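*Asks:*
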Amino acid sequence: MRGIEIHLAPAAELEGHVVDRDGAPVAGASVRLLGAAGEAALVPIPDRFTSDARGVFRFAAPEGAVLEVRKDGYLPGRADIGPLERVNGRVTVELGPAHRPLGERAPVSGRVVARGAGPIAGALVTASPERVLGLDDAPTAQAVTGADGRFELPPLDPGAYRVRARAEGRAPAALRRVAPGAKDLLLELAAGGRLRGCVRSAAAGSPVAPFTVLVLERRGPLRLVPQRTRSVIDPSGCYALDDLAPGPATVVITAPGYAPSGERAVEIPGDGGEAVMDAALESGGRLTGVVRDDVTGAAIAGARLSVEGALPSAAASTFPVLSEAVSAADGTFALAGLPARSSIFVAAAGHHARVLGGVQVEPGGTAGPVEVRLRPTADGEEPRVDLAGIGAVLAPSGDGLAVAQVIAGGGAAEVGLGRGDLVLEVDGRRVAELGMAGAIDAIRGPEGTSVLLKVRRGTSTFDVRVPRRLVRG
1 MRGIEIHLAP
11 AAELEGHVVD
21 RDGAPVAGAS
31 VRLLGAAGEA
41 ALVPIPDRFT
51 SDARGVFRFA
61 APEGAVLEVR
71 KDGYLPGRAD
81 IGPLERVNGR
91 VTVELGPAHR
101 PLGERAPVSG
111 RVVARGAGPI
121 AGALVTASPE
131 RVLGLDDAPT
141 AQAVTGADGR
151 FELPPLDPGA
161 YRVRARAEGR
171 APAALRRVAP
181 GAKDLLLELA
191 AGGRLRGCVR
201 SAAAGSPVAP
211 FTVLVLERRG
221 PLRLVPQRTR
231 SVIDPSGCYA
241 LDDLAPGPAT
251 VVITAPGYAP
261 SGERAVEIPG
271 DGGEAVMDAA
281 LESGGRLTGV
291 VRDDVTGAAI
301 AGARLSVEGA
311 LPSAAASTFP
321 VLSEAVSAAD
331 GTFALAGLPA
341 RSSIFVAAAG
351 HHARVLGGVQ
361 VEPGGTAGPV
371 EVRLRPTADG
381 EEPRVDLAGI
391 GAVLAPSGDG
401 LAVAQVIAGG
411 GAAEVGLGRG
421 DLVLEVDGRR
431 VAELGMAGAI
441 DAIRGPEGTS
451 VLLKVRRGTS
461 TFDVRVPRRL
471 VRG
């Protein structure tokens, strides 16, 4: 085998800070690194730490991991490791308010078996807290089954958990609302559904490699949950997955230098059948420009640019699923492999991040140059994210996006949008058609422009044009 590319992510040390609700450092807190698994972690990563007298701990973690912090007398706290934390080398985790102990922790145990057969050795079993609206969370515990198919998860806090099991060649299985202390759980894994296909260049027709296949479960018009991620280096450009849950699924295929494929629906058969999903990828667009300090105008070297979180589980892939670039010594950059429309996340050490919304570029074309100006942070100030949008926090709700919060001084506040309003269309396109990421990206755009929204309020529906403004932090 020849021509293999090996992608190494730098294991940069990050500095963590544990604080209470008032921002005071908390010593002796227990820290766990969650979600640093899958293809992104090919070797074990240290995952347990303790904060020192200054509330500080040091660690290394891939993007997409989660820190969970505990301290007697407080509710737990969590923080995500994203591009802003990585580029600044720092993350702050705030503990919840002072609280009496939640109760005794207890392990969970059981068996994993093949449906109609015997125990499965080497199955991965995880436990994740059940969340409101059925949202999933990063696993808080995991174990691997022994030769007899048995497992025991480490002690869990009081609450309800979703316990999952996965094994090669088998469809995953899950049990809902499992309580700590549960024993003799039984997870039966049926034969896995099979999906295969080949990936080609739309322009040349030649095989594409490497590439990443993301299989997603749709749990509503706007919500996709990762089921499986597989990175492939086969020079034939073909892939096969045989451990999928039968039923409807959504597939997205990405490759370096190419625009991601659209979301494509597929039915994964059971009973030994297989589904076929081929893809022809368009050449990605290219954005050029320069990153500067907003106060001094000086060029910023080492700024990181990436397509903002469009794909769930992207961080779990061995290869970069979404386009990335780093600015040169003179602040210039070239970001390739862009879809037709996207939002670009820009972050640099010592600065607030910026999201450029509504970036449009033709397949294989070039847009720019653009100038990105980042606000410097003050001493001791936590970096935040600036973006041009309507000034509203939106959340998926049925076939629309519900307004969860309106930011003072933003366009949404100016036109009278309020909490509970439901956005159904963006510039004439249904939110359910755009998908959550597509709808959010369509709502964003250059500062000083506007977007037309169709909104439902109670029993009435109306159109409203909302100005886009720069929202700081």
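For the sequence shown, position 38 matches number 38 in the working numbering, and the numbering has no gaps at all.
Cβ atoms here follow ideal geometry from the backbone N, Cα and C, with glycine treated the same way.
Bear in mind the structure is a predicted one, so any value in this text is a computation, not a measurement.
(1) Who are the Cβ neighbours of R150 in its own chain at under 6 Å, not counting the five residues just before and after it?
(2) Drop a sphere of 10 angstroms on the beta-carbon of A404, count the other beta-carbons inside from all chains shown, and report buried for 16 or more, exposed for fewer.
(3) For H17 versus G55, is the C-beta distance shorter than 7 Å?
(4) Beta carbon of V66, beta carbon of D80: below 7 Å?
(5) If you draw a straight line from the alpha carbon of A334 to that of V359, how long is it in whole angstroms?
(6) Between the region 362-381 and the region 104-119, do at least 3 Cβ pairs fall closer than 8 Å?
(7) If you run the structure through DSSP and keep just helix, strand and coil, what is A349?
(8) Pull up the distance between the alpha-carbon of S397 and that of R286, whole angstroms please.
(9) Does DSSP put G289 in a helix, in a strand, or in coil?
(10) Are the CB atoms of R105 and D157 nearer to each other than 7 Å?
(11) What would DSSP say about P207, mapped onto helix, strand or coil?
(12) Measuring CB atoms only, is the region 217-224 touching the region 269-285, in the sense that at least three cross pairs come out at less than 8 Å?
(13) Assuming A239 and R194 form a contact by the criterion Cβ under 8 Å, report the distance between their Cβ atoms to the nearest whole angstrom.
(14) Report all residues from its chain with a CB closer than 7 Å to the CB of M177; omit the five preceding and five following residues, and keep chain order.
(15) Which residue comes first and which comes last in the beta strand (DSSP E) that contains E381?
(16) Got a sec, what are the start and stop residues for the alpha helix (DSSP H) I443 sits in?
(17) So, for D527: in the same chain, excluding its five sequence neighbours on each side, which residues have a beta-carbon less than 8 Å away from its beta-carbon?
(18) Comparing C-alpha positions only, which one of E371, V464, S323, V307 sits nearest to R332?
(19) Which partner residues of E324 appear in the DSSP bridge assignment?
(20) Does the contact criterion of 3 or more C-beta pairs under 8 Å hold for the region 20-33 versus the region 47-61?
*Replies:* In short, the structure shows the following:
(1) Contacts found: R111.
(2) With fewer than 16 other Cβ atoms within 10 Å, it is exposed.
(3) Yes, the Cβ-Cβ distance between H17 and G55 is below 7 Å.
(4) Yes, the pair counts as a contact, with Cβ atoms nearer than the cut-off.
(5) Rounded to whole angstroms, A334 and V359 show a C-alpha spacing of 14 Å.
(6) No, the region 362-381 is not in contact with the region 104-119.
(7) Coil, per DSSP.
(8) So the two alpha carbons sit approximately 34 Å from each other.
(9) In the structure shown, G289 sits in a strand (DSSP, three-state: E or B).
(10) A contact, by the Cβ cut-off of 7 Å.
(11) Residue state for P207 is assigned as strand, using DSSP reduced to three classes.
(12) Touching, no.
(13) Ala is not the amino acid found at residue 239; the sequence shown has Tyr there. Rounded, the Cβ-Cβ distance is 11 Å, inconsistent with contact.
(14) Here the sequence assigns Arg to residue 177, which means Met is not the residue at that position. Correct list, in chain order: E130, A160.
(15) Unbroken run through E381: none, as it is neither H nor E.
(16) Note, I443: alpha helix (DSSP H), 431-443.
(17) With the chain represented from 1 up to 473, any question about residue 527 goes unanswered, as that position is not in the structure.
(18) The sequence given here places Thr at residue 332; Arg does not occur at that position. Taking the Cα of T332 as reference, the smallest distance to any Cα among E371, V464, S323, V307 is reached at E371.
(19) E324 pairs with S306.
(20) Segments in contact, yes.
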